[in-house]
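Scroll down for the structure; my scribbles are underneath it.
Number of protein chains: 2
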Amino acid sequence: MKRERLILVTNDDSYTSKGFAAAIEVARRFGKVIAIAPERPQSGMSQAITLFSPLFLNKIREEEGVQVYSLSGTPVDCVKFALDHFLDPKDIDLTISGVNHGSNSAVNVLYSGTMGAAIESAFYNIPSVGLSLLDHAADADFEAAIEYGTRVVQAVFEDESLPRPLCLNVNIPKLPVEQIRGIRICRQTRGYWREEFFKREDPTGRNYYWMTGAFNNHEPEAEQSDEWALSNGYVSVVPVQTDMTAHEQIECLKGAIK
Amino acid sequence: MKRERLILVTNDDSYTSKGFAAAIEVARRFGKVIAIAPERPQSGMSQAITLFSPLFLNKIREEEGVQVYSLSGTPVDCVKFALDHFLDPKDIDLTISGVNHGSNSAVNVLYSGTMGAAIESAFYNIPSVGLSLLDHAADADFEAAIEYGTRVVQAVFEDESLPRPLCLNVNIPKLPVEQIRGIRICRQTRGYWREEFFKREDPTGRNYYWMTGAFNNHEPEAEQSDEWALSNGYVSVVPVQTDMTAHEQIECLKGAIK
Numbered sequence: 026m027k028r029e030r031l032i033l034v035t036n037d038d039s040y041t042s043k044g045f046a047a048a049i050e051v052a053r054r055f056g057k058v059i060a061i062a063p064e065r066p067q068s069g070m071s072q073a074i075t076l077f078s079p080l081f082l083n084k085i086r087e088e089e090g091v092q093v094y095s096l097s098g099t100p101v102d103c104v105k106f107a108l109d110h111f112l113d114p115k116d117i118d119l120t121i122s123g124v125n126h127g128s129n130s131a132v133n134v135l136y137s138g139t140m141g142a143a144i145e146s147a148f149y150n151i152p153s154v155g156l157s158l159l160d161h162a163a164d165a166d167f168e169a170a171i172e173y174g175t176r177v178v179q180a181v182f183e184d185e186s187l188p189r190p191l192c193l194n195v196n197i198p199k200l201p202v203e204q205i206r207g208i209r210i211c212r213q214t215r216g217y218w219r220e221e222f223f224k225r226e227d228p229t230g231r232n233y234y235w236m237t238g239a240f241n242n243h244e245p246e247a248e249q250s251d252e253w254a255l256s257n258g259y260v261s262v263v264p265v266q267t268d269m270t271a272h273e274q275i276e277c278l279k280g281a282i283k
Numbered sequence: 026m027k028r029e030r031l032i033l034v035t036n037d038d039s040y041t042s043k044g045f046a047a048a049i050e051v052a053r054r055f056g057k058v059i060a061i062a063p064e065r066p067q068s069g070m071s072q073a074i075t076l077f078s079p080l081f082l083n084k085i086r087e088e089e090g091v092q093v094y095s096l097s098g099t100p101v102d103c104v105k106f107a108l109d110h111f112l113d114p115k116d117i118d119l120t121i122s123g124v125n126h127g128s129n130s131a132v133n134v135l136y137s138g139t140m141g142a143a144i145e146s147a148f149y150n151i152p153s154v155g156l157s158l159l160d161h162a163a164d165a166d167f168e169a170a171i172e173y174g175t176r177v178v179q180a181v182f183e184d185e186s187l188p189r190p191l192c193l194n195v196n197i198p199k200l201p202v203e204q205i206r207g208i209r210i211c212r213q214t215r216g217y218w219r220e221e222f223f224k225r226e227d228p229t230g231r232n233y234y235w236m237t238g239a240f241n242n243h244e245p246e247a248e249q250s251d252e253w254a255l256s257n258g259y260v261s262v263v264p265v266q267t268d269m270t271a272h273e274q275i276e277c278l279k280g281a282i283k
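Residue numbers (the working numbering), protein chains in the order written: chain A, 26 to 283; chain B, 26 to 283.
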């Protein structure tokens, strides 16, 4: 008898977020769920880990096939805690991270706590899917994210020949589900954020700065890019790697740096 | 008349660390220096950014050719603040991040605040060098790091044909400078950390966990890997990329996820 699948769910907007509930809903369609998310919002935490403080775990609830925990750390801490303390990575069939409130397309993959957790899970050779909805609102409508998240997860389970490590960065446009034109496999858009720092005074007269910014798309017309897909009504799926080596530069550097 | 070079220096161990002083010493050999580092240690902060709190800036000191600042944020915040608020990226000839107290070889490149800052700087098309010494001690001996950091920076300035974006992850073994066998251009070692969580009780009887772990090297004999270079007495230099796309998986996924 085939055992029931076991899905790890994590997140960077905290265990209280609507997106976390949406990810659990996707996961629940495929098996039993262990869900562990940060105690507090961790957006922009990238692949940060907690080195200098202790971590507190809380069991939030247990219901039919779903156990939910919070951890006082980062998204990557949650994945490490689940896979090195709670569970055996060999027992986990898939990790879902998200659903993030806001885009993780383009270079955001590197700042994102959601994608940090998905990349971490891929290190354990577990297929990992990061889901993000292009809507920052706390009460955003996750219907399309649940629908397309389910499609992607279904496809991952159906095709056992997909490469490993497998880490997918899935972004869903802010559109009613019936207006979404389908799924496109993309590459990360070239371009970077440029920031602006608002300067203000605190009540004691000390200056502070608040970062804001805008993404500069270097290739708005590139149909293979995730930004193009999203702005044209598609769900974007970018396969993410875990080897940061710029292999094509190695030979050139061997001549230059001795 | 050729203008004097301008070097940005940052760090993840805070502006008070000995490694930050060592990086400034390297940079000072090549031009004027703007140094901006986090107010507090930020090890393991990866490419995290501060979204939900204000940033405070302090001018620490100004001396011949060197200005030193602290910022109450992450290493990436420091780079963004320097390049989007303080300075014009076009005026910066190079960024040095480090010298980190501890290794950033192998997959540590993804957890490292030092390398997070170097990757961020490379986004601005500035050649970026992350320097890390395999010694966590606060009073570590940075002589070899300064010597080899200087050699790498010299090579980057001498060869204008080096590719862009250029981001180098340079690790220096914990050895007297005369015992180091030279520089090797490497790739990121395959392998990941496995963690252990120590469980203790706080004074109120509440359990907490403290993460520790060990790196599992999947290819200890691979002479092209940075771990091999370091354990054989070489300085390792790995070129780091900023595109996280697993390009080779795209065609396969197009067939599987629709």
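The C-beta atom is built at its ideal place from N, Cα and C for all residues, glycine as well.
task = Output the distance between the C-alpha atoms of SER122/B and LEU187/B, rounded to the nearest integer angstrom.
result = When only Cα atoms are considered, SER122/B and LEU187/B end up about 19 Å apart.
key: ARG53/A versus GLY155/A - alpha carbon distance   = Distance between the alpha carbons of ARG53/A and GLY155/A is about 16 Å.
ask   = According to DSSP, is MET236/B helix, strand or coil?
value = In the structure shown, MET236/B sits in a strand (DSSP, three-state: E or B).
inquiry  = For ASN194/A, tell me which candidate among TYR94/A, GLY230/A and GLY174/A has the shortest Cα-Cα distance.
reply    = The shortest CA-to-CA distance from ASN194/A to any of TYR94/A, GLY230/A and GLY174/A is the one to GLY174/A.
request  = Answer with buried or exposed for ALA162/A, where buried requires no fewer than 16 other C-beta atoms within 10 angstroms of its C-beta.
outcome  = ALA162/A comes out exposed.
request  = Assuming GLU172/A and VAL202/A form a contact by the criterion Cβ under 8 Å, report the distance between their Cβ atoms to the nearest whole angstrom.
outcome  = VAL202/A and GLU172/A do touch by the CB rule: their CB atoms are close to 5 Å apart, below 8 Å.
task = Would you verify that the beta carbon of PRO228/A is, or is not, closer than 8 Å to some beta carbon of chain B?
result = Between PRO228/A and chain B, the shortest Cβ-Cβ separation is not below 8 Å.
message = Residues in the same chain with beta-carbon distance under 7 Å from VAL101/B, minus the five sequence neighbours each way, listed in chain order, please.
response = Within the same chain, VAL101/B has close Cβ partners GLN72, ALA73, ILE74, GLY141, ALA142 and GLU145.
message = Between which two residues does the beta strand (DSSP E) holding TYR173/B run?
response = Here TYR173/B belongs to no beta strand (DSSP E); instead the alpha helix (DSSP H) covers 168 to 183.
inquiry  = On the CB-based measure, 16 or more other CB atoms within 10 Å of its CB, does HIS126/A come out buried or exposed?
reply    = Buried is the call here.
8 Å Cβ cutoff, ARG212/A in contact with chain B = Yes - at least one Cβ of chain B is within 8 Å of the one on ARG212/A.
ask   = How would you label ASP113/B, buried or exposed, when you count the other beta carbons within 10 angstroms and need 16 or more for buried?
value = Exposed is the call here.
request  = List the residues of chain B whose Cβ lies closer than 7 Å to the Cβ of ALA73/A, in chain order.
outcome  = Ordered by position in chain B, the residues that pass the 7 Å Cβ test against ALA73/A are GLY69, MET70, SER71 and ALA73.
ask   = Just checking, does the stretch 201 to 216 of chain A make contact with the stretch 250 to 260 of chain A on the three C-beta pairs under 8 Å criterion?
value = Output reads yes: the stretch 250 to 260 of chain A touches the stretch 201 to 216 of chain A.
key: Sequence-distant residues of the same chain with beta carbon closer than 6 Å to ASP38/B, five excluded per side   = Cβ neighbours of ASP38/B within its own chain (closer than 6 Å, five residues either side excluded): GLY44, PRO66 and HIS126.
key: At least three beta-carbon pairs within less than 8 Å, the stretch 95 to 110 of chain A to the stretch 213 to 229 of chain B   = Below 8 Å, enough C-beta pairs join the stretch 95 to 110 of chain A and the stretch 213 to 229 of chain B to call them touching: three or more.
query = By how many angstroms is the C-alpha of HIS243/B removed from the C-alpha of PHE223/B?
reply = About 25 Å.
inquiry  = So if DSSP puts LYS224/A in a beta bridge, which residue, or which two residues, is it bridged to?
reply    = DSSP, once it has assigned bridges, lists TYR234/A as partnering LYS224/A.
inquiry  = Since SER130/B and THR214/B should fall inside the 8 Å C-beta cutoff, what is the C-beta to C-beta distance between them, to a whole number of angstroms?
reply    = Contact holds; Cβ gap of about 7 Å.
ask   = Taking just the CA atoms, how far does ILE275/A sit from ARG212/B?
value = For ARG212/B and ILE275/A, the gap between their C-alpha atoms comes out near 8 Å.
query = Using a Cβ-Cβ distance under 8 Å, would CYS277/B count as near chain A?
reply = Output row for CYS277/B: interface = yes.
Cross-chain neighbours of GLY141/A in chain B, by beta carbon under 7 Å = Contacts between GLY141/A and chain B, judged by CB atoms closer than 7 Å, involve SER71 in chain order.
ask   = Exposed or buried, what is ARG209/B when buried is set at 16 or more other beta-carbons lying within 10 Å of its beta-carbon?
value = A residue is called buried once 16 or more other Cβ atoms fall within 10 Å of its Cβ, and ARG209/B is buried on that count.
key: Boundaries (first-last residue) of the alpha helix (DSSP H) holding GLU50/A   = 43 to 53 is the extent of the alpha helix (DSSP H) around GLU50/A.
request  = Using beta-carbon positions only, say whether PRO63/A and LEU96/A come within less than 8 Å of one another.
outcome  = Yes, Cβ-Cβ distance for PRO63/A and LEU96/A is below 8 Å.
message = Could you tell me which whole beta strand (DSSP E) segments of length 3 or greater appear in the stretch 68 to 102 of chain A?
response = Here the runs fully enclosed are 82 to 88 and 91 to 96.
message = DSSP three-state label for GLY216/B, please.
response = In the three-state reduction of the DSSP assignment, GLY216/B falls in the strand class, which pools E and B.
task = Go ahead and label GLY69/B buried or exposed: buried means 16 or more other beta carbons lie within 10 angstroms of its beta carbon, across all protein chains shown.
result = Buried, since its Cβ has 16 or more Cβ neighbours within 10 Å.
query = By the 10 Å Cβ neighbour count, where 16 or more other Cβ atoms means buried, how is GLY138/B classified, buried or exposed?
reply = Result: buried.
task = Throw me the rounded Cβ distance for the ALA48/A and VAL124/A pair, which I believe falls under 8 Å.
result = A Cβ-Cβ distance of about 5 Å is found for the pair ALA48/A and VAL124/A, placing them in contact under the 8 Å criterion.
message = At a cut-off of 7 Å, would you count PHE167/B as near the ligand ADP, judging by its Cβ distance to the nearest heavy atom?
response = The ligand ADP is not among the ligands present in this structure, which contains no ligands whatsoever.
Identity of the residues DSSP links to ALA60/A by a beta bridge = Answer by DSSP bridge pairing, in chain order: VAL34/A and VAL93/A.
ask   = In three-state terms, what does DSSP make of GLY138/A?
value = In this structure, DSSP gives GLY138/A a helical state, which the three-state scheme calls helix.
key: 7 Å CB neighbourhood of ASN83/A in its chain, flanking five on each side removed   = A distance below 7 Å between beta-carbons, with the five flanking residues on each side excluded, links ASN83/A to the following residues of its chain, in chain order: TYR94 and SER95.
task = Could you tell me whether any Cβ in chain D is nearer than 8 Å to the Cβ of ASP38/A?
result = In the structure shown, chain D does not exist; the protein chains are A and B.
request  = Could you say which of TYR233/A, GLY98/A, THR120/A and GLU89/A lies nearest to SER78/B if we only look at CA atoms?
outcome  = Of all alpha-carbon atoms in TYR233/A, GLY98/A, THR120/A and GLU89/A, the one lying nearest the alpha-carbon of SER78/B is that of TYR233/A.
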